[in-house]
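Beneath this line is the structure, given in structure tokens, with notes to follow.
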Amino acid sequence: MSNKFDPNELYNRVVHYYIDKKKYSKEKANQIAQRVVQREKTRHTCKNENCGHLMEDHIRTKETCMVLDCDCRQFVS
Ligand SMILES: [Zn+2]
Ligand SMILES: [Zn+2]
Numbered sequence: 194m195s196n197k198f199d200p201n202e203l204y205n206r207v208v209h210y211y212i213d214k215k216k217y218s219k220e221k222a223n224q225i226a227q228r229v230v231q232r233e234k235t236r237h238t239c240k241n242e243n244c245g246h247l248m249e250d251h252i253r254t255k256e257t258c259m260v261l262d263c264d265c266r267q268f269v270s
């Protein structure tokens with residue numbers, strides 16, 4: 194889990210997978226991709242209610258949040 198999370202990249206990858214490999218329609222593939230990206234976003238978002246930034250914004254993905262004005266000191270999953 195060291196790769197940087199890129200929603201657009203993930204979205205495209207899922208859409209292509211379902212269209213190319215599973216022969217799904219473009220609409221169906223897009224629906225699935227949206228769900229997958231949404232789920233991954235949730236997983237990568239800090240649950241600290243004062244933070245809500247992405248895991249990548251935290252030093253080494255679990256320590257202090259680097260976003261300006263954010264005082265979160267620990268990524269909450
Ligand atoms: Zn934060
Ligand atoms: Zn945080």
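Residue numbers (the numbering used here): 194 to 270. Every residue gets a Cβ at the ideal spot worked out from N, C-alpha and C, and that includes glycine. These numbers were taken from a predicted model, which means no experiment stands behind them.
Helix, strand or coil, according to DSSP, for residue i in the structure here?
i	result
Leu247	strand
Thr238	strand
In chain order, what residues of the same chain have a beta carbon less than 7 Å from the beta carbon of residue i, not counting five sequence neighbours either side?
i	result
Ile212	Lys219 and Ala222
Cys136	Residue 136 falls outside the range modelled here, since the chain spans only 194 to 270, and no answer is possible.
Lys216	none
Ala226	Tyr204, Val207 and Val208
Please name the residue or residues paired with residue i in a DSSP beta bridge.
i	result
Cys263	Its beta-bridge partners do not exist; DSSP assigns none.
Leaving out five residues on either side along the sequence, give the residues of the same chain with a beta carbon under 6 Å from the beta carbon of residue i.
i	result
Lys255	Phe268
Indicate whether residue i and residue j have their beta-carbon atoms separated by less than 8 Å.
i	j	result
Gln259	Phe198	Per the sequence presented here, residue 259 reads as Met, with Gln not at that position. It is not a contact, given that the beta carbons lie outside the stated cut-off.
Leu203	Glu233	yes
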